[in-house]
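Each residue of the sequence shown is one higher than the one before, counting from 2 in my numbering. Where a beta carbon is used, it is the ideal one built from N, C-alpha and C, also for glycine. Notes to accompany the following structure.
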Amino acid sequence: MKIVITGGAGFIGGNFLHYMLKKYPNYEMICVDKLTYAGNIETLETVMNNPYFKFIKADIADRTAIYKIFEEEKPDIIVNFAAESHVDRSIEDPSIFLQTNVIGTQVLLDACRKFGIDRYHQVSTDEVYGDLPLDKPDLFFTEETPIHASSPYSASKASADLLVQAYYRTFGIPVTISRCSNNYGPYHFPEKLIPLMIANVLNDKPLPVYGTGENVRDWLYVEDHCIAIDLIIHKGKIGEIYNIGGHNERSNLEVVQTIITELGKGEIRYVADRAGHDKRYAIDPTKIYKELGWIPKTSFDEGIKKTIKWYLDNKCWWQNIISGEYKEYYKKMYEDKLA
Ligand code: NAD
Ligand code: DAU
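Here you go:
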C-alpha cells in the first residue's frame, strides 16, 4: 500500500503521518508539502530516516510537479490535508486560499483521473456548514446540513468539497470526504487559539480573547481525528461524507480559563472581534459511529492536559516558530488589538 499525504508537514497531516507509520509499518507513506509558513519539517524529523517514508517538497497547485509524483510513485490512496487553514489570515488576504484550497484540490483530482487511484480522501472541515446559534444547544451539524460558509477560508473549503463531489459524480473518481471539528494537540501552529494561549502564558504575554469569548467550538484531540481518517480510508463508503466530532463543546473563555488554571497564571485581554465570527460549531457524529464504529478516545479534560505537557516538553519546536516571521504576523494581527 502506498499513500500520498499532502500537507503532512502541518499540524494534522504531521500527526496523521506519525500515527500511520507506527500503525502500518509496511505501508509506504509519501508526504507532499509546499512548506509554507505553516509547514515545519522538524515535525517530521523522527521519521525522515524511515525507509517507508519519503518527503517531496511540492505545491499541490503545481500541475507539472503533481503529475510527475503520480507518474513516478503510482500511489494507491491520496489523503489531502494541504490547505491554507487559518480563518484570520483568510480575512486579511483570501487569494492564496482559493489558489491552494480550490485549484490545488482540482489539480489533485485531475491527477487521480489521469493516473488512476483506489481512493482520494478530502480532509474538510465543519466550517463549511457555517455556524449554529448559541441559544439552541440541541442543534448539531449533520452530513445533510446545507453548506453555508462564512469566511473566505470556509468558502474555499466548501468549494473544494463541491469539486470532490462533482469529480465523483461526473468522472467516477473514488472519493470520500470528512468534515471535522476543531482539533488540538501536539505540533499545532501557535497562530491558533489553544497553542497561541499556551505560548503567550509561558511568555508572560496577555491572552487576546476575541469579542466576549462566548463563541463555542467542539474540540477534538488530534489523534482521534487521525483514527477516524484511518477508518474512513480503509472502510468508508465511496462517495460519502463523514462528520467527525466528539461532543466536547467549550466556549473560548472556558478554554482559555482552563489553560490559565493548568499553568497557574495568565491575564485575559478582551480584544476586537473577528469579522463574521462564527458563533458555535457542534458536530453530530452518529453516522461515523454507526457505520465505522468510531468514537473519540480522549476527553477535553484529558487532552488539554496532554497538550499543555507537550508544549512544556517541546519548547524548541514552538519557540523556533515564534522567533521567526511569526513575529511580524503577531505584530500585524495583535498590536492594534492589544494597544
Ligand atoms: P496547517 O496549516 O497546520 O498545515 C497545512 C499544511 O499544508 C502545511 O504543512 C503547509 O505547508 C501545507 N500546504 C499549504 N499550502 C500547500 C500547497 N499549496 N501545496 C502543498 N502543501 C501546502 O493545517 P491543519 O490545521 O493541519 O489542517 C489540515 C487540514 O485539515 C486542512 O485541510 C484543514 O482545512 C483541515 N481541518 C483542520 C482543522 C483544525 O482544527 N486545524 C479541523 C478540521 C479540518
Ligand atoms: O472547525 C474547524 C476549524 O477550526 C478548521 O477548519 C480551521 O482550519 C481551524 O483553524 C479552526 O478554525 P477556528 O477559527 O475555529 O480556530 P481558531 O483557533 O483560529 O479560533 C478558535 C476560536 O478562538 C474562534 O472562536 C476565534 C477565537 N480566538 C482565536 C484566536 C487565534 C480568540 O479569541 N483569540 C485568538 O487569538
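- Query: Any chance the CB of cysteine 382 is under 7 Å from a heavy atom of the ligand NAD?
  - Reply: The displayed coordinates of the chain run from 2 to 340. Any statement about residue 382 would go beyond what the structure contains.
- Are the segment 230-237 and the segment 313-330 touching by the rule of at least three beta carbon pairs closer than 8 Å? Cβ pair count under 8 Å is below three, so no.
- Helix or strand or just coil, what does DSSP make of methionine 334? helix
- Less than 7 Å between the CB of valine 210 and some heavy atom of the ligand DAU, yes or no? Between the ligand DAU and valine 210, a heavy atom-to-CB distance of less than 7 Å is present.
- Query: Is any heavy atom of the ligand DAU found at a distance shorter than 7 Å from the C-beta of asparagine 253?
  - Reply: yes
- Query: Are the beta-carbon atoms belonging to valine 165 and isoleucine 178 less than 8 Å from one another?
  - Reply: Closer than 8 Å, so yes.
- Could you work out which residue in Ala276, Asp132, Gly11 is closest to glutamate 353 when comparing CA atoms only? No answer is possible for residue 353: the residues shown for the chain start at 2 and end at 340.
- CA-CA distance, threonine 299 and threonine 259? 16 Å
- Message: Using the Cβ count rule (16 or more neighbours within 10 Å means buried), how would you classify serine 96?
- Response: exposed
- Message: Shorter than 7 Å, the distance from the beta carbon of threonine 126 to the closest heavy atom of the ligand NAD, or not?
- Response: yes
- Whether tyrosine 121 touches valine 176 by CB criterion (8 Å): yes
- Could you check how far apart the C-beta atoms of arginine 270 and proline 207 are, in whole angstroms? I think they sit under 8 Å. 4 Å
- Task: Would you mind sorting alanine 273 into buried or exposed? The rule is 16 or more other CB atoms within 10 Å of its CB.
- Result: exposed
- Message: Under 8 Å: do the segment 98-109 and the segment 53-67 share three or more Cβ pairs, one atom per stretch?
- Response: Taking 8 Å as the limit for Cβ pairs, the verdict is that the segment 53-67 does touch the segment 98-109.
- Message: Between leucine 110 and the ligand NAD, is there a pair consisting of the residue's CB and a ligand heavy atom that are separated by less than 7 Å?
- Response: no
- Message: the ligand DAU and lysine 193: does any heavy atom of the ligand fall closer than 7 Å to the residue's C-beta?
- Response: Result yes, Cβ under 7 Å from the ligand DAU.
- Task: Please look up how many angstroms separate the CB atoms of tyrosine 282 and aspartate 127, rounded, as I've assumed it's under 8 Å.
- Result: Indeed, because the Cβ distance is near 5 Å, the residues count as touching under 8 Å.
- Which full runs of the alpha helix (DSSP H) of 4+ residues lie inside the segment 285-340, going along the chain? 287-293, 301-314, 316-323, 327-339
- Query: What is the rounded straight-line gap between the Cα of alanine 59 and the Cα of aspartate 139?
  - Reply: 43 Å
- Query: Less than 8 Å separating the beta-carbons of isoleucine 57 and isoleucine 4?
  - Reply: no
- In chain order, what residues of the same chain have a beta carbon less than 6 Å from the beta carbon of glutamate 29, not counting five sequence neighbours either side? Lys3, Tyr53
- Message: For the segment 32-41 against the segment 248-267, do three or more pairs of beta-carbon atoms, one drawn from each stretch, fall closer than 8 Å, so that the two count as touching?
- Response: no
- Message: One question on the structure: do leucine 221 and asparagine 253 come within less than 8 Å of each other, judged by their Cβ atoms?
- Response: no
- Message: Am I right that alanine 62 and glycine 105 are in contact with their C-beta atoms under 8 Å? What's the rounded C-beta distance?
- Response: 4 Å
- Item | Residues bridged to aspartate 219 [DSSP beta-bridge criterion] | Glu250
- Message: Assuming aspartate 111 is part of the alpha helix (DSSP H), what are its boundary residues?
- Response: 106-116
- Item | Distance, valine 210 Cα to tyrosine 331 Cα | Whole-angstrom Cα-Cα distance: 14 Å.
- Cβ-Cβ separation, threonine 308 to tyrosine 185 (assumed contact under 8 Å), whole Å: 6 Å
- Message: Can you check which of these residues, Tyr290, Lys333, Ile199, Ile322, is closest to glycine 267 by C-alpha distance?
- Response: Ile199
- CB of isoleucine 92 within 8 Å of CB of serine 155, strictly: no
- 8 Å CB neighbourhood of glutamate 326 in its chain, flanking five on each side removed: If we look at glutamate 326 and ignore the five residues flanking it on each side, its Cβ neighbours are Tyr38.
- Query: DSSP puts aspartate 34 in a beta bridge; with which residues?
  - Reply: Bridge partners of aspartate 34: Lys58.
- Item | Beta carbon of lysine 193 nearer than 8 Å to that of glutamate 263 | When the beta-carbon positions are compared, lysine 193 and glutamate 263 stay at least 8 Å from each other.
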